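Undergrad:
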Amino acid sequence: MSRIPNVSAPRRLGRIGLIALLLAAPLAHAADGCQVSLGRGWPPATENHGSAVEQLLAAKAEPGLRLTYLPARGVESGLMLIPGESDWTLRHATASERVAAWSSSRRSSALELRVDQEVENEEAPMPAVLAQRLVASWKRALSTLAPEGKAAEFHEQDQLIFVVDGLRISGVRPDCGPGESIMEQVGLMTEAANESESKRERRWRALEESLDELDKRLAEAASTPAS
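Right, dumping it as structure tokens:
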């Protein structure tokens, strides 16, 4: 992107990947309401790949909130909030090369997980109060979008893996209701990780406003009678 001309190619690809995901045309919704393709746990045939990416991007950190982006093609990336005292650390991390790659020989082919590589990190301090609110709001929202008993399903398209305070929710990008608010917040955090302090302050205010909207949507969903 033109405003970050010196950023490395892997970082550009990772940032482009997340932003492209956010800007993609929404999926069609059912006429009778908002439907999302999210479920609990790992999608089938995804855990080995996803676990390798999570461990690579987090290194030794233990995030309280984590979103891992597993594209069908291209490099994997993620957002995470790492607990601290007065501030938490917001990290946007991108693999240098695709972690999951097929290696072939004359007789066979096998999936290789390339975890011995450098990771491109962008980090910024986030006020602890805001970070803790994000964790609480995302856990509540994701628990609503993927209630107990709804298992994650396999998808061939780009997949998102959320882990919030121990709760793992997986699937494709949510485009409506509380999920739409979450994806708006993903965009704000992705930008904040690469900005100056003055610009980040504006992102934090926008995040607060988006969290207010998320709370409103969750309250409306809770008050709507089940059909």
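Going by full-length UniProt numbering, 209 is the number at position 209 of the sequence shown; the sequence numbering is gapless. Just so you know, even glycine gets a beta-carbon here, dropped at the ideal spot from N, CA and C. Keep in mind that this is a model prediction, so the values were computed, not measured.
1) Given a cut-off of 9 Å, decide if residue 68 and residue 81 are closer than it, judged by their beta-carbon atoms.
2) State the start and end residues of the unbroken alpha helix (DSSP H) segment that holds residue 63.
3) Give the range of the beta strand (DSSP E) segment to which residue 171 is assigned.
4) Using a Cβ cut-off of 9 Å (strictly closer), state whether residue 98 contacts chain C.
5) Would you say residue 169 and residue 39 are within 9 Å of each other, going by their C-beta atoms?
6) Return yes when the Cβ of residue 59 is within less than 9 Å of the Cβ of residue 156, no when it is not.
7) Since I believe residue 112 is in contact with residue 95 (beta carbons under 8 Å), could you give me their beta-carbon distance rounded to a whole number of angstroms?
8) Rounded to a whole number of angstroms, what is the C-alpha to C-alpha distance between residue 146 and residue 107?
9) Mapping DSSP to helix, strand and coil, what is residue 116?
10) Beta-carbon separation of residue 137 and residue 215 under 9 Å?
11) Give a yes or no on whether the C-beta atoms belonging to residue 204 and residue 127 are separated by under 9 Å.
12) Keeping to the same chain, check which residues put their C-beta closer than 8 Å to that of residue 153; ignore five residues upstream and five downstream.
13) For residue 53, which residues of its own chain have a beta-carbon under 6 Å away from its beta-carbon, when the five flanking residues on both sides are left out?
14) Give me whichever residues DSSP pairs with residue 159 in a beta bridge.
15) Pull up the DSSP beta-bridge partners for residue 46, would you.
16) Assuming residue 93 is part of the alpha helix (DSSP H), what are its boundary residues?
17) Please report how far the alpha carbon of residue 151 lies from the alpha carbon of residue 140, in whole angstroms.
18) Report back the beta-carbon spacing between residue 228 and residue 87 to the nearest angstrom; my notes put them in contact at under 8 Å.
19) Return the CA-CA distance between residue 65 and residue 187, expressed in angstroms with no decimal places.
20) Does residue 201 come out as helix, strand or coil in the three-state DSSP assignment?
21) Once the 5 residues before and after residue 30 are set aside, which same chain residues still bring their CB inside 7 Å of it?
22) Measuring straight from C-alpha to C-alpha, what distance separates residue 166 and residue 117?
TA: According to the structure shown:
1) Working through the sequence shown from its first residue, we reach residue 81 at position 81. Working through the sequence shown from its first residue, we reach residue 68 at position 68. Contact annotation: residue 81 and residue 68 have beta-carbon atoms that are not nearer than 9 Å.
2) Stepping through the sequence shown from its first residue, residue 63 is reached at position 63. Note, residue 63: premise wrong, no alpha helix (DSSP H); not H, not E.
3) What you label residue 171 is simply residue 171 of the sequence shown in a count that begins at 1. Boundaries of the beta strand (DSSP E) harbouring residue 171: 167 to 171, taken from the DSSP string.
4) No chain C is part of this structure, which consists of one protein chain only.
5) Translated into the one-based positions of the sequence shown, residue 169 becomes position 169. Translated into the one-based positions of the sequence shown, residue 39 becomes position 39. Yes, they are a contact pair.
6) Residue mapping note: residue 156 aligns to position 156 of the sequence shown, counting from 1. Residue mapping note: residue 59 aligns to position 59 of the sequence shown, counting from 1. At a Cβ-Cβ threshold of 9 Å, residue 156 and residue 59 do not count as neighbours.
7) What you label residue 95 is simply residue 95 of the sequence shown in a count that begins at 1. What you label residue 112 is simply residue 112 of the sequence shown in a count that begins at 1. Not quite, the Cβ-Cβ distance comes to about 13 Å (not below 8 Å), so this is no contact.
8) As a first step, residue 146 must be located in the sequence shown, where it is residue number 146. As a first step, residue 107 must be located in the sequence shown, where it is residue number 107. Their backbone Cα atoms lie some 42 Å apart in a straight line.
9) Within the sequence shown, residue 116 is the residue found at index 116, counting from 1. It is coil, neither helix nor strand.
10) Locating residue 137 in the sequence shown gives position 137, counting from the first residue. Locating residue 215 in the sequence shown gives position 215, counting from the first residue. Yes. Within cutoff.
11) Here residue 204 corresponds to residue number 204 of the sequence shown, with the count starting at 1. Here residue 127 corresponds to residue number 127 of the sequence shown, with the count starting at 1. Cβ atoms of residue 204 and residue 127: closer than 9 Å.
12) By one-based count along the sequence shown, residue 153 stands at place 153. Around residue 153: 37, 39, 43, 44, 171.
13) As a working note, residue 53 is residue 53 in the sequence shown. Take residue 53, set aside five residues on each side of it, and the residues of its chain with a beta-carbon closer than 6 Å to its own are 68, 76, 99, in chain order.
14) One-based indexing of the sequence shown puts residue 159 at position 159. DSSP lists 70 as partners of residue 159.
15) Residue numbering aside, residue 46 sits at position 46 when the sequence shown is read from its first letter. DSSP lists no partner for residue 46.
16) For the purposes of this step, residue 93 is taken as residue 93 along the sequence shown, with counting starting at 1. Careful: residue 93 lies outside any alpha helix (DSSP H), inside the beta strand (DSSP E) at 87 to 95.
17) For the purposes of this step, residue 151 is taken as residue 151 along the sequence shown, with counting starting at 1. For the purposes of this step, residue 140 is taken as residue 140 along the sequence shown, with counting starting at 1. Approximately 17 Å between the Cα atoms of the pair.
18) Absent from the model: residue 228. The displayed extent of the chain is 1 to 227, so no value can be given.
19) Position 65 of the sequence shown, counted from the first residue, corresponds to residue 65. Position 187 of the sequence shown, counted from the first residue, corresponds to residue 187. Spanning the two alpha carbons is a distance of roughly 15 Å.
20) Indexing the sequence shown from 1 puts residue 201 at position 201. DSSP places residue 201 in helix when its eight states are reduced to three.
21) Taking the first residue of the sequence shown as position 1, residue 30 is located at position 30. Annotation note: pLDDT 40 at residue 30 (below 50); position unreliable, coordinate value reported separately. Counting only Cβ-Cβ distances below 7 Å, and skipping sequence neighbours, we find nothing.
22) On the sequence shown, position 166 is the one that residue 166 refers to. On the sequence shown, position 117 is the one that residue 117 refers to. So the two alpha carbons sit approximately 27 Å from each other.
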